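Participant: Take a look at the following structure, please.
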Amino acid sequence: MSYSVFKLLKVLFLVFSIIGYTRYSIAQKGLIPVDLNTKVLNANHIVKGRVIDQTSLWVKNNTNIETHNLVELTTQFKGDCDTNLITIITKGGTIGNEKIIHTANLQLKEGEQGLFFLNNISGSYYHVFSEKQGFYKYEKGVAFDVFNLSSVTDLENDIRSFLGQPTVINLNMTPKSLGQGNNFSFYPNAITAGTNSLITITGSGFGTQGVDSVNYISFEDPEYHVTVYEPLDSVTDYLVWTDTLIKAYVPTKASTGLIRLTLNDVDYFSTDSLYVPYSVVNWNGEIIGLGNQNGSGGMSWSLNSNLDFYANSRLTSARNKWKCATGINWNNNL
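Okay, so the sequence shown: first residue is 1 according to UniProt numbering, each after it adds one.
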């Protein structure tokens, strides 16, 4: 392959990566809304629960990944699950340094709770009816999917109007409360997302315990047609956490809107909006094992001894140019 062709391929890859992210950002706009009545009629099981564990597996001859989400049930509105622990299978997931995302399909996170519209696969295994629209996430007394937002009470009353009284399992999901009085500010007021850009939050009363399950910051999530906040994925996304100062990297899925600060499981919101002009898709996976395999900091290729001299020289030249452009240390064995 000539260097010019390779440069063209690199440009095309960048262009399609940008297009791919644009499609990712607006993918939800291509969804056709499924109304609540249709979900109730077509789902064999309607349950309320919390994701307590996740395991991702290779499927289809290692060409795809699915995630098994272990869900602890608190309420059954429709159907009869034999146990209060079920497994909901979703498409996509992460295994080692491989990650597959199906943007139109439901993606759950450990700790999320809400209402699921399910159909049984076998035993205690289920999949979600209408995918991303088949889960209403519960947060601080609010229930939402990609198109709809209401109070948890109103949603469950609507379900009861269709089905009657639910079967209640003796577990508890306590809704979080909305805080008053913790004023905080942030800078800069405009920032790009997914680019290792740092945002600084200043104020008081943040505590010195650092980030944990009840102390964190969240940004508005662009995937939803309603206002939804997405917490930072990892403790490593936070650079500093003191009683008066928080510094964190702005994640890929952050968008223009208010910043939410959660302290001791109570939520506070910024008075001003953060402006995010664009976002870059990225993922902090494992480092691919290309380093120092030849003992000289890189990898060595052995060319076929029958390779024509001119083909050999052109291949070596192209490889050297590619190495300089990408920074990957590849050499030929003599």
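In this text, a Cβ means the ideal position worked out from N, Cα and C, and glycines have one as well.
A quick note: this is a predicted structure, and the numbers were derived from the prediction, not measured.
Looking at the structure shown, is S161 part of a helix, part of a strand, or coil, going by DSSP?
Facilitator: Your numbering for residue 161 matches position 161 in the sequence shown. Correct three-state label for S161: helix.
Participant: To which residues of the same chain is V250 closer than 6 angstroms at the C-beta, ignoring the five residues directly before and after it?
Facilitator: For this step, residue 250 is matched to residue 250 along the sequence shown. Cβ within range, chain order: I191, A193, S197, I199.
Participant: Quick check: the Cα distance between D265 and V214, rounded to an integer number of angstroms?
Facilitator: By 1-based counting over the sequence shown, the position of residue 265 is 265. By 1-based counting over the sequence shown, the position of residue 214 is 214. Here the C-alpha atom of D265 lies approximately 4 angstroms from the C-alpha atom of V214.
Participant: Give every residue of the same chain whose Cβ lies closer than 6 angstroms to the Cβ of G79, excluding the five residues on either side of it in the sequence, and list them in chain order.
Facilitator: Here residue 79 refers to the residue found at position 79 of the sequence shown. Counting only residues of its own chain and dropping the five nearest sequence neighbours on each side, G79 has a CB closer than 6 angstroms to the CB of N44, H45.
Participant: Leaving out five residues on either side along the sequence, give the residues of the same chain with a beta carbon under 7 angstroms from the beta carbon of Y136.
Facilitator: The residue labelled residue 136 in the question sits at position 136 within the sequence shown. Once the five neighbours on either side are set aside, the close Cβ partners of Y136 are G114, L115, A143, F144, D145, L155.
Participant: Grab the span of the beta strand (DSSP E) containing V128 for me, first residue to last.
Facilitator: Within the sequence shown, residue 128 is the residue found at index 128, counting from 1. Counting along the chain, the beta strand (DSSP E) containing V128 begins and ends at 125-128.
Participant: Residues in the same chain with beta-carbon distance under 6 angstroms from V235, minus the five sequence neighbours each way, listed in chain order, please.
Facilitator: Mapped onto the sequence shown, residue 235 falls at position 235. Excluding positions up to five away in sequence, the list reads V211.
Participant: Starting from K140, trace the beta strand (DSSP E) both ways and give me its first and last residue.
Facilitator: The residue labelled residue 140 in the question sits at position 140 within the sequence shown. Careful: K140 lies outside any beta strand (DSSP E) and carries neither H nor E.
Participant: Between D35, R314, N105, which lies nearest to I65 when the distance is taken from Cα to Cα?
Facilitator: Walking along the sequence shown from the start, residue 65 turns up at place 65. The shortest Cα separation from I65 among D35, R314, N105 belongs to N105.
Participant: Counting along the chain, where does the beta strand (DSSP E) carrying Y238 start and finish?
Facilitator: Translated into positions along the sequence shown, residue 238 becomes position 238. Its beta strand (DSSP E) spans residues 238-241.
Participant: So for G114, helix, strand or coil by DSSP?
Facilitator: For this step, residue 114 is matched to residue 114 along the sequence shown. If DSSP states are grouped into helix, strand and coil, G114 belongs with the strands.
Participant: Can you say whether residue 335 is buried or exposed, counting buried as having 16 or more other CB atoms within 10 angstroms of its CB?
Facilitator: Any question about residue 335 goes unanswered here, given that the chain covers just 1 to 334.
Participant: Quick check on this structure: which residue in I89, Y125, Y268 has the alpha carbon closest to the alpha carbon of S185?
Facilitator: Position 185 of the sequence shown, counted from the first residue, corresponds to residue 185. Taking only the C-alpha atoms, the option nearest S185 is Y268.
Participant: Let's test the definition: count the other Cβ atoms within 10 Å of the Cβ of residue 335 and tell me whether it reaches 16, buried, or not, exposed.
Facilitator: Any property of residue 335 remains undetermined from this structure, which presents the chain solely from 1 to 334.
Participant: Please report the distance separating the alpha-carbon of I121 from that of L149.
Facilitator: Counting from 1 along the sequence shown, the entry for residue 121 is found at position 121. Counting from 1 along the sequence shown, the entry for residue 149 is found at position 149. The alpha-carbon of I121 is positioned some 29 angstroms away from that of L149.
Participant: How should N93 be labelled, buried or exposed, when 16 other C-beta atoms within 10 angstroms of its C-beta is the threshold for buried?
Facilitator: Along the sequence shown, one-based indexing puts residue 93 at 93. Reading the sequence as shown, one finds Gly at residue 93 and not Asn. Per the 10 Å Cβ criterion, buried.
Participant: If contacts are defined as beta-carbon pairs under 8 angstroms, then K109 and V51 qualify, I think. What distance do you get, rounded to the angstrom?
Facilitator: Within the sequence shown, residue 109 is the residue found at index 109, counting from 1. Within the sequence shown, residue 51 is the residue found at index 51, counting from 1. Correct: roughly 7 angstroms between the Cβ atoms.
Participant: Which one of F219, L85, T242, K247 has the shortest CA to CA distance from V276?
Facilitator: Here residue 276 corresponds to residue number 276 of the sequence shown, with the count starting at 1. The residue with the shortest Cα to Cα distance from V276 is F219.
Participant: So which of L41, L232, D35 has the shortest CA-CA distance to F162?
Facilitator: Indexing the sequence shown from 1 puts residue 162 at position 162. For the residues L41, L232, D35, the minimum Cα distance to F162 belongs to L41.
Participant: Comparing C-alpha positions only, which one of I101, N61, R160 sits nearest to T67?
Facilitator: Position 67 of the sequence shown, counted from the first residue, corresponds to residue 67. The option with the nearest alpha carbon to T67 is I101.
Participant: Does DSSP put V51 in a helix, a strand or coil?
Facilitator: The residue given as residue 51 occupies position 51 in the sequence shown. Strand, per DSSP.
Participant: Pull up the distance between the alpha-carbon of N189 and that of I246, whole angstroms please.
Facilitator: Locating residue 189 in the sequence shown gives position 189, where the first residue counts as 1. Locating residue 246 in the sequence shown gives position 246, where the first residue counts as 1. Cα to Cα, the separation comes out at about 15 angstroms.
Participant: Taking only three categories from DSSP, how would you classify G257?
Facilitator: The count along the sequence shown starts at 1 and reaches residue 257 at position 257. G257: strand per DSSP, three-state reduction.
Participant: In its own chain, which residues sit with a C-beta less than 6 angstroms from the C-beta of Y216, not counting the 5 before and 5 after it?
Facilitator: Mapped onto the sequence shown, residue 216 falls at position 216. These residues qualify, in order along the chain: P231, T262.
Participant: Tell me the residue span of the alpha helix (DSSP H) that contains K321.
Facilitator: Counted from its first residue, the sequence shown places residue 321 at position 321. Taken as a continuous stretch (DSSP letters only), the alpha helix (DSSP H) holding K321 covers 309-326.
Participant: My understanding is that V128 touches I88, with C-beta atoms under 8 angstroms, so please give their C-beta distance in whole angstroms.
Facilitator: Position 128 of the sequence shown, counting from 1, holds the residue named residue 128. Position 88 of the sequence shown, counting from 1, holds the residue named residue 88. With 8 angstroms as the limit, V128 and I88 qualify as a contact, their Cβ atoms being about 6 angstroms apart.
Participant: Please say whether W322 and M299 have beta carbons closer to each other than 7 angstroms?
Facilitator: Translated into positions along the sequence shown, residue 299 becomes position 299. Translated into positions along the sequence shown, residue 322 becomes position 322. Remark: C-beta atoms of M299 and W322 do not approach each other more closely than 7 angstroms.
Participant: Please check the pair T74 and K48, which I expect to be a contact at CB under 8 angstroms, by giving their CB distance rounded to whole angstroms.
Facilitator: Reading the sequence shown from its first residue, position 74 is the one you call residue 74. Reading the sequence shown from its first residue, position 48 is the one you call residue 48. That pair is a contact at about 5 angstroms.
Participant: Let me check understanding here. Comparing Cα to Cα, which of N61, Q133, D272, G111 lies closest to F117?
Facilitator: To locate residue 117, count along the sequence shown from 1; it is residue 117. Ranking N61, Q133, D272, G111 by Cα distance to F117 puts Q133 first.
Participant: Find out if the Cβ-Cβ distance for the pair Y238, R260 is shorter than 7 angstroms.
Facilitator: For the purposes of this step, residue 238 is taken as residue 238 along the sequence shown, with counting starting at 1. For the purposes of this step, residue 260 is taken as residue 260 along the sequence shown, with counting starting at 1. No.
Participant: Is the Cβ-Cβ distance between L206 and D243 less than 7 angstroms?
Facilitator: Position 206 of the sequence shown, counting from 1, holds the residue named residue 206. Position 243 of the sequence shown, counting from 1, holds the residue named residue 243. First, the residue type needs correcting, since residue 206 is Phe and not Leu in the sequence shown. Cβ distance < 7 angstroms, so F206 and D243 count as in contact.
Participant: Could you tell me which of T63, N62, E72 sits nearest to D82, measuring between CA atoms?
Facilitator: As a first step, residue 82 is located in the sequence shown; it is residue number 82 there, counting from the start. Measuring from the Cα of D82, the nearest candidate turns out to be E72.
Participant: Going by DSSP, what residues sit across from T200 in a beta bridge?
Facilitator: The residue you call residue 200 lines up with position 200 of the sequence shown. Beta-bridge pairing links T200 to Y187, K247.
Participant: Can you tell me the Cβ-Cβ gap for L70 and L85, rounded? I've got them flagged as a contact below 8 angstroms.
Facilitator: Numbered from 1 along the sequence shown, position 70 holds the residue referred to as residue 70. Numbered from 1 along the sequence shown, position 85 holds the residue referred to as residue 85. Indeed they touch by this definition, with Cβ atoms about 6 angstroms apart.
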